[in-house]
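Asker: Protein chains in written order, with the working numbering: chain A, 5 to 547; chain B, 230 to 639.
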Amino acid sequence: MQMSTTIGDDTRQDAPPERQTKRQRQASVIADAASGGMKVFLVKLVGLGIVDALAVYAIFVLIAHDQWIPTVIVAAVTALVNWIYFSRRKLPAKYLTPGVIFLVVFQVFVLLYTGYIAFTNYGTGHNGTKEQAVSSLMASSLERVEDSPTFPVSVVEQAGQLGLLVTDPESGDAFVGTNDQPLAEVDAEFDGDAAVAADGWTTLQFADVLARTDDVTALAVPYSDDPNDGAIRTPDGTSGYLYVSNLEYDEAAGTMTDLETGTVYADTGEGAFTAENGEQLLPGWQITVGFDNFVRAVTDPRLAQPLLYVTLWTFAFALISVASTFFLGLFLAIVFNDMRMRGRKAYRVLMILPYAIPSFLSALVWAGMMNQSFGFINQVLLGGASVPWLTDPFLAKISILIVNLWLGFPYMFLVCMGALQSIPDDIQEAAKVDGAKPWAIFRLIKLPLLLVSVAPLLIASFAFNFNNFNTIYMLTDGGPRDSNAPIPVGFTDILITMVYKVAFTGQTRDYGLASAYSIIIFIVVAVISIIAFRRTKSLEELN
Amino acid sequence: MRVNRKSLLAAGAVAVVTTLGLAGCAGDSGSTDDSSAASTLTVWVDAERVDALQAAADAYSEETGVEVKLVGKDNADIKDDYIQQVPTGKGPDITMGAHDWLGELSTNGVVAPIELGDSAADYLPVAVDASTYEGTTYMLPYAVENIAVLRNADLVPEAATSFDDMLAKGQAAGLTQPFVVEQGAEGNPYHLYPFQTAFGAPVFGSNDEGYDPTDLQLGNAGGEAFATWLGTQGKNGTGAFNTDIDGDIAKDAFLTGKAAFWLTGPWNVGAAVDGGINVAIDTVPSPTGDPAQPFAGVKGFFISSESKNKVAANDFLVNYLGSEETQLELFEAGNILPANTAAAEAASSDPIIEGFAAVGAEAVPMPAIPAMGAVWQYWGIAEAEIINGADPVATWQKLVSDVQAAIDAR
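1) A/Ala-444 CB to nearest chain B CB: under 7 Å?
2) Looking at chain B, is there any beta carbon in it that lies within less than 7 Å of the beta carbon of A/Ala-536?
3) Is the beta carbon of B/Glu-374 less than 7 Å from the beta carbon of B/Gly-526?
4) Quick one: Cα of A/Arg-148 to Cα of B/Ile-610, how far?
5) Looking at chain B, is there any beta carbon in it that lies within less than 7 Å of the beta carbon of A/Ser-140?
6) Please state the DSSP three-state secondary structure of B/Ile-474.
7) What is the C-beta distance between A/Val-225 and A/Leu-168, in whole angstroms, given that I count them as a contact (C-beta under 8 Å)?
8) What alpha helix (DSSP H) runs, 4 residues minimum, are completely inside the stretch 110–172 of chain A?
9) Quick check on the burial criterion: 16 or more other C-beta atoms within 10 angstroms. Buried or exposed for B/Gly-250?
10) The beta strand (DSSP E) that contains A/Asp-271, what's its start and end?
11) Which residues of chain B have a Cβ atom closer than 9 Å to the Cβ of A/Gln-553, listed in chain order?
12) Bridge partners for A/Gln-284 per DSSP, in chain order?
13) Along the stretch 531–555 of chain B, what residues have a CB closer than 8 Å to any CB found in chain A?
14) My output table needs one value for A/Tyr-227: the three-state DSSP class, helix, strand or coil.
15) Tell me, please, whether the CB atom of B/Pro-599 is closer than 7 Å to any CB atom in chain A?
16) Cβ closer than 7 Å: which chain A residues qualify as neighbours of B/Thr-336?
17) What residues match up with A/Glu-252 in a beta bridge as DSSP calls it?
18) Mind checking if A/Gly-132 is an interface residue toward chain B, Cβ cutoff 7 Å exclusive?
19) Let me check understanding here. Comparing Cα to Cα, which of B/Asn-337, B/Lys-487, B/Tyr-362 and B/Ala-377 lies closest to B/Ile-343?
20) Report yes or no: is there a C-beta of chain A within less than 7 Å of the C-beta of B/Gly-476?
21) Please list, in chain order, the residues of the stretch 507–528 of chain A that have any C-beta partner in chain B closer than 8 Å.
22) How should A/Val-299 be labelled, buried or exposed, when 16 other C-beta atoms within 10 angstroms of its C-beta is the threshold for buried?
23) What residues in its chain sit with their C-beta under 6 Å from that of B/Ile-598, if we drop five residues either side in the sequence?
24) To the nearest angstrom, how far is it from the Cα of A/Ser-366 to the Cα of A/Gly-372?
25) With 16 as the cutoff for other CB atoms within 10 Å, does B/Thr-461 come out buried or exposed?
26) According to DSSP, simplified to helix, strand and coil, what is B/Val-274?
27) Along the alpha helix (DSSP H) that carries B/Gly-618, what are the first and last residues, could you check?
28) Buried or exposed: where does A/Phe-113 fall if 16 or more other Cβ atoms within 10 Å of its Cβ makes it buried?
29) Take the Cβ of A/Leu-454 as the centre, count every other Cβ of all protein chains shown within 10 Å, and call the residue buried at 16 or more, exposed below.
30) Give the residues from the stretch 384–404 of chain A that approach chain B closer than 7 Å (Cβ to any Cβ), ordered along the chain.
31) Mapping DSSP to helix, strand and coil, what is B/Thr-390?
32) In chain order, what residues of the same chain lie with their CB nearer than 8 Å to the CB of A/Val-391, ignoring the 5 residues before and after it?
33) Return no unless some Cβ of chain B is closer than 7 Å to the Cβ of A/Leu-214.
34) When you compare the CB positions of B/Trp-608 and B/Glu-453, do they come within less than 7 Å of one another, or not?
35) Leaving out five residues before and five after B/Val-622 in sequence, what residues of the same chain have Cβ atoms less than 7 Å from its Cβ?
36) Where does A/Val-213 sit, in a helix, a strand or coil, going by DSSP?
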């Protein structure tokens with residue numbers, strides 16, 4: 005073993021080289037590798053090479069899709085990463101960069117974007133831009149003239165301008181016209197019944213038609229001088245149909261006029277064309293609406309009745325979940341920490357199992373086991389009893405707590421195990437010598453010392469359970485339903501699942517409202533957490 | 230130096246994840262903004278049906294030189310992804326979907342009308358009706374799906390003539406739960422609808438543009454009669470309907486021979502046949518003298534309103550995918566009833582398809598109007614309550630007033 009100057013090696017020097025344990029040998033290999041300048045440099049080079057190669061690939065893909073802002077961001081971040089890791093100093097930055105990148109991508113961006121959406125009307129009917137809404141409205145306002153035939157057409161071109169060569173299926177005559185010129189009769193060559201070429205016009209082949217899709221889609225040849233007769237359009241380049249439009253868009257005034265009823269729809273700043281009586285033409289478009297979503301979120305009359313009990317249950321659910329998982333985890337940790345217990349390792353693995361299974365799956369399996377007539381619990385464990393585990397309002401709450409306890413205790417078990425092992429034995433022995441009983445040692449010494457390190461995790465666990473969407477959604481979906489409530493809320497809904505139901509009912513997706521709600525819930529959780537953290541500071545003074 | 234390598238590796242991992250993430254965001258965008266876009270159609274397809282469509286897509290590419298790129302998508306995400314991505318210009322040119330998305334897609338302005346032209350007459354009427362929303366056609370229908378009764382012909386050799394006859398025949402065969410249908414704690418109105426229509430209570434009345442959201446028929450006298458009947462078949466009656474029976478339990482009961490009749494869709498036939506059951510397909514036995522009409526679900530293709538390749542997309546759908554030969558090919562690859570009439574007749578040489586087609590002839594399209602969302606919200610839970618012994622008429626009346634209030638609130 006080479007002599008090296010790292011701190012880790014200093015501590016190891018008191019072990020004689022020939023009597024190293026396996027772990028020590030592994031550690032020394034790592035240490036050697038780390039201190040060898042060339043190897044590190046090579047690894048660094050390869051690592052950064054891979055990163056840069058991926059970045060270059062990403063930049064090419066982004067440029068191909070005209071995504072200029074992301075291109076610049078990726079290039080800048082890559083350059084920055086290279087600069088930091090090739091630099092000989094910049095040690096703090098080498099530590100911080102990965103974390104900061106993660107933070108920006110997965111936290112800051114998401115938060116800012118949610119915040120932005122909360123101030124827009126993004127949702128069903130307000131999905132795109134105004135131009136898209138206008139073109140979509142115009143497209144669906146086209147109505148085929150009743151009993152009009154299918155016209156065989158060819159797309160033709162003259163001096164760069166496109167026209168349609170139309171054959172009247174009844175008379176067999178050929179006509180040609182453009183966007184500006186109504187149909188006029190021409191002499192044409194026929195292939196079967198359909199005219200395929202006309203003098204002075206070049207007929208476009210299918211591939212040419214595809215290449216000029218935008219122009220062909222915009223092609224509407226007036227049937228006659230009277231605009232009320234409609235215009236011929238072709239969706240596929242070979243068949244034409246006669247359409248009239250029942251909407252007219254006045255770009256200067258920014259209004260839509262319904263040609264059948266004469267109703268004028270104007271852009272009144274609500275993100276949709278709105279008539280005087282409040283009727284809206286949908287699709288509308290996305291606009292920023294200020295605090296509207298927040299106002300709606302807190303004044304929604306449909307929420308008034310269920311909000312109180314949903315909030316109470318949310319707090320109860322989060323608090324009871326934290327308490328039950330913590331105390332079960334702690335109890336098991338103490339039991340398995342006792343030296344007199346045999347086969348502790350095997351038991352510990354078993355304890356971690358619920359943690360290893362994805363919670364989605366566990367919740368669904370539990371839902372199956374708790375089925376009233378066919379579930380494993382009623383049929384096998386209770387010998388055919390008919391306990392309404394998930395369909396009785398009170399029992400469903402208990403069931404949720406049981407399942408969440410099952411899902412959550414391994415985490416607390418792990419945390420408490422670690423914390424218990426870090427409590428020095430001499431304190432306990434001192435207490436024993438002073439004549440303290442086991443319960444007193446636990447209550448007055450172990451628990452407070454444990455809480456110093458575990459309290460922040462309990463607060464985090466509270467915040468997690470406060471928004472524990474998965475368990476509720478997978479196990480009961482909030483049910484059993486409260487049939488008296490005006491929204492489809494149930495007795496086990498917590499705030500976040502209720503918000504989901506309010507913002508995404510039926511076919512309505514109201515992303516703006518949902519974002520506003522999640523910001524409100526975020527504020528509630530943040531305030532509670534801050535207060536709790538303040539209080540736990542007093543615990544730290546114990547040390 | 231030791232830490233350096235670790236942090237370096239971490240940094241590498243981060244950068245890889247980040248770049249991949251960013252590249253991924255841009256990478257899955259469609260081809261709509263490529264310069265070569267004129268000759269490439271991007272089509273989103275339910276991942277389970279990619280193979281069925283691949284041959285047809287390849288054949289079209291060969292014929293016209295237009296490349297058709299099929300992108301398999303998870304069926305559960307396809308609609309929301311489509312609605313979100315079309316306005317950004319990154320959506321596909323065409324997406325596969327179901328007709329009951331129409332109201333939502335149209336309200337969001339993400340679909341372009343399709344002109345079926347003279348070929349409209351070549352499709353089953355229910356398919357064309359289902360593809361039309363507020364008088365405009367938006368979907369090229371390709372398959373029609375509806376539920377029917379699967380009968381275990383070894384247990385009960387003859388079809389039932391009525392609902393009571395079905396229960397009697399099953400009990401004669403020694404079964405305690407002769408009939409199963411998927412329900413669940415919140416009910417399942419889709420599977421109960423045939424019985425509701427038998428009492429003459431559709432959800433909405435119709436006018437010449439399709440279902441009329443202002444004409445809620447749910448609460449008519451037939452609706453209350455249905456509710457009363459449902460109460461007699463629930464927990465406090467024959468027990469034919471049970472909210473504890475979900476899809477898996479119903480399937481298990483039928484596959485193990487505990488039930489002889491299973492009201493379900495073609496998607497479960499494969500499992501029953503594979504399970505060695507001698508399956509026969511019957512019409513839904515009516516509790517009244519009138520036919521029990523299930524909902525028809527029509528699968529089809531939508532063209533994006535932001536597609537830059539509308540001409541090719543229209544040509545591909547209307548002139549190619551809609552044709553009898555292609556629809557028959559799709560049927561052979563996917564085993565669902567084609568929407569094209571001639572192809573449907575050809576496909577009906579298979580007795581199972583014929584059975585579903587016979588029920589489908591009575592089926593009515595599931596309403597696609599947004600008001601239907603309000604109905605779904607309350608419908609199932611009310612039926613589940615009635616099955617579990619709530620006062621039928623009062624519960625039904627509350628359902629109707631809740632639905633009406635939700636529709637009026639829009």
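We put the beta carbon where it would ideally sit given N, CA and C, even for glycine. Predicted model only: the values in this text are computed from it and were never measured.
Answerer: In short, the structure shows the following:
1) On the first sequence, residue 444 of chain A is found 440 positions in, with the first residue counted as 1. Judged by the 7 Å Cβ criterion, A/Ala-444 is not in contact with chain B.
2) Taking the first sequence and counting its residues from 1, the one referred to as residue 536 of chain A is at position 532. Chain B contact via Cβ: absent.
3) Here the question's residue 374 of chain B lines up with position 145 in the second sequence. Here the question's residue 526 of chain B lines up with position 297 in the second sequence. Against a cut-off of 7 Å, the Cβ pair of B/Gly-526 and B/Glu-374 comes out as a contact.
4) Reading the first sequence from its first residue, position 144 is the one you call residue 148 of chain A. Reading the second sequence from its first residue, position 381 is the one you call residue 610 of chain B. So the alpha carbons of these two residues sit roughly 42 Å apart.
5) As a working note, residue 140 of chain A is residue 136 in the first sequence. Chain B contact via Cβ: present.
6) The residue labelled residue 474 of chain B in the question sits at position 245 within the second sequence. Reduced to three states, the DSSP call for B/Ile-474 is coil.
7) Reading the first sequence from its first residue, position 221 is the one you call residue 225 of chain A. Reading the first sequence from its first residue, position 164 is the one you call residue 168 of chain A. The pair is a contact, with the Cβ atoms about 5 Å apart (cut-off 8 Å).
8) 113–122 and 134–144
9) The sequence position of residue 250 of chain B within the second sequence is 21, counting from 1. Only weak support exists for where B/Gly-250 lies, its pLDDT of 44 falling under 50; the value from the coordinates is given anyway. The C-beta of B/Gly-250 has fewer than 16 other C-beta atoms within 10 Å across all chains shown, which makes the residue exposed.
10) Here residue 271 of chain A refers to the residue found at position 267 of the first sequence. 268–271 is the span of the beta strand (DSSP E), which, as asked, contains A/Asp-271.
11) In this structure chain A extends from 5 to 547, so residue 553 of chain A is not present and cannot be described.
12) Along the first sequence, read from residue 1 onward, the residue named residue 284 of chain A stands at position 280. In the DSSP output, where bridge partners are listed per residue, A/Gln-284 has A/Thr-278.
13) Ser-534, Glu-535, Lys-537, Asn-538, Lys-539, Val-540, Ala-541, Asn-543, Asp-544, Val-547 and Asn-548
14) For this step, residue 227 of chain A is matched to residue 223 along the first sequence. Reduced to three states, the DSSP call for A/Tyr-227 is coil.
15) Here residue 599 of chain B corresponds to residue number 370 of the second sequence, with the count starting at 1. At least one chain A Cβ lies under 7 Å of B/Pro-599.
16) Locating residue 336 of chain B in the second sequence gives position 107, counting from the first residue. Residues of chain A passing the Cβ test: Thr-128, Gly-129, Leu-286 and Pro-287.
17) Translated into positions along the first sequence, residue 252 of chain A becomes position 248. In DSSP, A/Glu-252 forms a bridge with A/Thr-261.
18) Position 128 of the first sequence holds residue 132 of chain A. Closer than 7 Å to some Cβ of chain B, the Cβ of A/Gly-132 qualifies, so yes.
19) For the purposes of this step, residue 343 of chain B is taken as residue 114 along the second sequence, with counting starting at 1. Of the candidates B/Asn-337, B/Lys-487, B/Tyr-362 and B/Ala-377, the one whose C-alpha sits nearest the C-alpha of B/Ile-343 is B/Tyr-362.
20) Your numbering for residue 476 of chain B matches position 247 in the second sequence. By this cut-off, B/Gly-476 is not an interface position.
21) Residues of the stretch 507–528 of chain A that bring their beta carbon within less than 8 Å of a beta carbon in chain B comprise Thr-509, Gly-510, Gln-511, Thr-512 and Arg-513, in sequence order.
22) In the first sequence, residue 299 of chain A corresponds to position 295, counting from 1. By the neighbour-count rule (16 or more Cβ atoms within 10 Å), A/Val-299 is not buried but exposed.
23) Position 369 of the second sequence, counted from the start, is the residue given in the question as residue 598 of chain B. Cβ within range, chain order: Gly-332, Tyr-440 and Pro-442.
24) In the first sequence, the residue the question calls residue 366 of chain A occupies position 362. In the first sequence, the residue the question calls residue 372 of chain A occupies position 368. A/Ser-366 and A/Gly-372: Cα-Cα distance of roughly 10 Å.
25) Position 232 of the second sequence holds residue 461 of chain B. Exposed, because fewer than 16 other Cβ atoms sit within 10 Å of the Cβ of B/Thr-461.
26) Taking the second sequence and counting its residues from 1, one reaches residue 274 of chain B at position 45. B/Val-274: strand per DSSP, three-state reduction.
27) The count along the second sequence starts at 1 and reaches residue 618 of chain B at position 389. Per DSSP, B/Gly-618 belongs to no alpha helix (DSSP H) and is neither H nor E.
28) In the first sequence, residue 113 of chain A corresponds to position 109, counting from 1. When all chains shown are included, A/Phe-113 counts as exposed.
29) Numbered from its first residue, the first sequence carries residue 454 of chain A at position 450. The residue is buried, with at least 16 neighbouring Cβ atoms inside 10 Å.
30) Leu-394 and Thr-395
31) Numbered from 1 along the second sequence, position 161 holds the residue referred to as residue 390 of chain B. Coil, per DSSP.
32) Locating residue 391 of chain A in the first sequence gives position 387, where the first residue counts as 1. Only Gln-376, Ile-381, Asn-382 and Leu-399 meet the Cβ criterion.
33) Counting from one through the first sequence, the residue named residue 214 of chain A turns up at place 210. So, interface residue.
34) Taking the first residue of the second sequence as 1, we reach residue 608 of chain B at position 379. Taking the first residue of the second sequence as 1, we reach residue 453 of chain B at position 224. Their beta carbons are not under 7 Å apart, which means B/Trp-608 does not touch B/Glu-453 by this criterion.
35) Here the question's residue 622 of chain B lines up with position 393 in the second sequence. Answer for B/Val-622: Glu-453, Ala-456 and Thr-457, listed in chain order.
36) Taking the first residue of the first sequence as position 1, residue 213 of chain A is located at position 209. DSSP places A/Val-213 in helix when its eight states are reduced to three.
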